[in-house]
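Comments concern the structure below.
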Amino acid sequence: AQRVTQPEKLLSVFKGAPVELKCNYSYSGSPELFWYVQYSRQRLQLLLRHISRESIKGFTADLNKGETSFHLKKPFAQEEDSAMYYCALMRYNTDKLIFGTGTRLQVFP
Amino acid sequence: SAVISQKPSRDICQRGTSLTIQCQVDSQVTMMFWYRQQPGQSLTLIATANQGSEATYESGFVIDKFPISRPNLTFSTLTVSNMSPEDSSIYLCSVGNRGNTGELFFGEGSRLTVL
Numbered sequence: 002a003q004r005v006t007q008p009e010k011l012l013s014v015f016k017g018a019p020v021e022l023k024c025n026y027s028y029s030g031s032p033e034l035f036w037y038v039q040y041s042r043q044r045l046q047l048l049l050r051h052i053s054r055e056s057i058k059g060f061t062a063d064l065n066k067g068e069t070s071f072h073l074k075k076p077f078a079q080e081e082d083s084a085m086y087y088c089a090l091m092r093y094n095t096d097k098l099i100f101g102t103g104t105r106l107q108v109f110p
Numbered sequence: 451s452a453v454i455s456q457k458p459s460r461d462i463c464q465r466g467t468s469l470t471i472q473c474q475v476d477s478q479v480t481m482m483f484w485y486r487q488q489p490g491q492s493l494t495l496i497a498t499a500n501q502g503s504e505a506t507y508e509s510g511f512v513i514d515k516f517p518i519s520r521p522n523l524t525f526s527t528l529t530v531s532n533m534s535p536e537d538s539s540i541y542l543c544s545v546g547n548r549g550n551t552g553e554l555f556f557g558e559g560s561r562l563t564v565l
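Respectively, the protein sequence lines represent chains A and B. With our numbering applied, the first sequence covers 2 to 110. With our numbering applied, the second sequence covers 451 to 565.
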């Protein structure tokens, strides 16, 4: 079965602290994975995708097929990073996304 | 990118009634999807809205309960039929273009409360 698991509902850190939002997946094929973010009073939007291997707003995520993980990391959290983060998996050749339950990141000053 | 407008943004409905949600996109898109986000839960895909043909429903969702229309490449509707309190949820329209490496654009959602 295809599934995305985000074990933490809430993650609270202080400004400047490192952040890691966990995401694990189960999928029989080659996964395409994404992180979406929803800031307060804004719509859900793409943060980054694993195939791009990019760093967006200081965030990076590495696909680890051995551990079936795609954790989102940032070395120094900022207050404006406070938001809801969703890990998502795209079914091969369908453009359909399967979302995790989301993790709320709170960054305190 | 695509700008998506959803109507209504929120509504309070009586049990047994039906409500239609509209999704308008400012450009032609290949893919249109309807998601549901129940309180405290993740986004669940209801169906893919296919232009000019019947929608493709995910497991657990049926056309009688969630009829969908998509008359053209910029517009779709989702109807939630014979509503019960369990249908209280946020319903989200999302769009993308095939082969666009999985980036979907989302509407702001329609928050339905069924009494």
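Here a beta-carbon is modelled for each residue, glycine too, at the ideal position from N, C-alpha and C. Just so it is clear, the structure is predicted and the values come from calculations on it, not from any experiment.
Rounded C-alpha distance that separates residue i from residue j
i        : j        : result
Glu68/A  : Gly59/A  : 23 Å
Arg54/A  : Ser477/B : 28 Å
Val20/A  : Ser492/B : 22 Å
Ile82/A  : Phe71/A  : According to the sequence shown, residue 82/A is Asp rather than Ile. Rounded to the nearest angstrom, the two C-alpha atoms are 18 Å apart.
Leu469/B : Phe77/A  : 45 Å
Thr6/A   : Pro110/A : 29 Å
His51/A  : Thr467/B : 43 Å
Lys515/B : Ala497/B : 12 Å
Val14/A  : Arg42/A  : 21 Å
Arg105/A : Ser509/B : 28 Å
Arg520/B : Ser503/B : 8 Å
Tyr26/A  : Thr102/A : 12 Å
Gln125/A : Gly17/A  : Because chain A here runs from 2 to 110, residue 125/A falls outside it and cannot be looked at.
Sheet register partners of residue i (DSSP bridge)
i        : result
Asp461/B : Leu562/B
Arg50/A  : Phe35/A
Cys473/B : Gln456/B, Ser526/B
Gln487/B : Leu493/B, Ile540/B
Ser27/A  : Arg4/A
Ile518/B : Leu528/B
Ala62/A  : Leu73/A
Ile57/A  : Phe60/A
Gly546/B : Met481/B
Val512/B : Answer by DSSP bridge pairing: none, since Val512/B is not bridged.
Simplified DSSP state of residue i, which is helix, strand or coil
i        : result
Ile454/B : strand
Glu68/A  : coil
Pro535/B : helix
Glu553/B : coil
Supposed close pair residue i, residue j - CB separation, criterion 8 Å
i        : j        : result
Tyr485/B : Leu542/B : 4 Å
Val564/B : Asp537/B : 5 Å
Leu11/A  : Tyr86/A  : So it is not a contact: roughly 11 Å between Cβ atoms.
Lys74/A  : Thr61/A  : 6 Å
Thr527/B : Gln464/B : Not quite, the Cβ-Cβ distance comes to about 20 Å (not below 8 Å), so this is no contact.
Gln39/A  : Ala84/A  : 6 Å
Span of the beta strand (DSSP E), counted from its first residue to its last, around residue i
i        : result
Glu21/A  : 20-22
Gln7/A   : Where Gln7/A is concerned, there is no enclosing beta strand (DSSP E), given that its DSSP letter is neither H nor E.
Ile99/A  : 98-100
Lys74/A  : 73-75
Phe109/A : 104-109
Leu45/A  : Per DSSP, Leu45/A belongs to no beta strand (DSSP E) and is neither H nor E.
Ala505/B : From DSSP, Ala505/B is part of no beta strand (DSSP E); its letter is neither H nor E.
Ala89/A  : 84-91
Partners in chain E for residue i, counting only beta-carbon separations shorter than 8 Å
i        : result
Gln491/B : This model lacks chain E altogether; the protein chains it does include are A and B.
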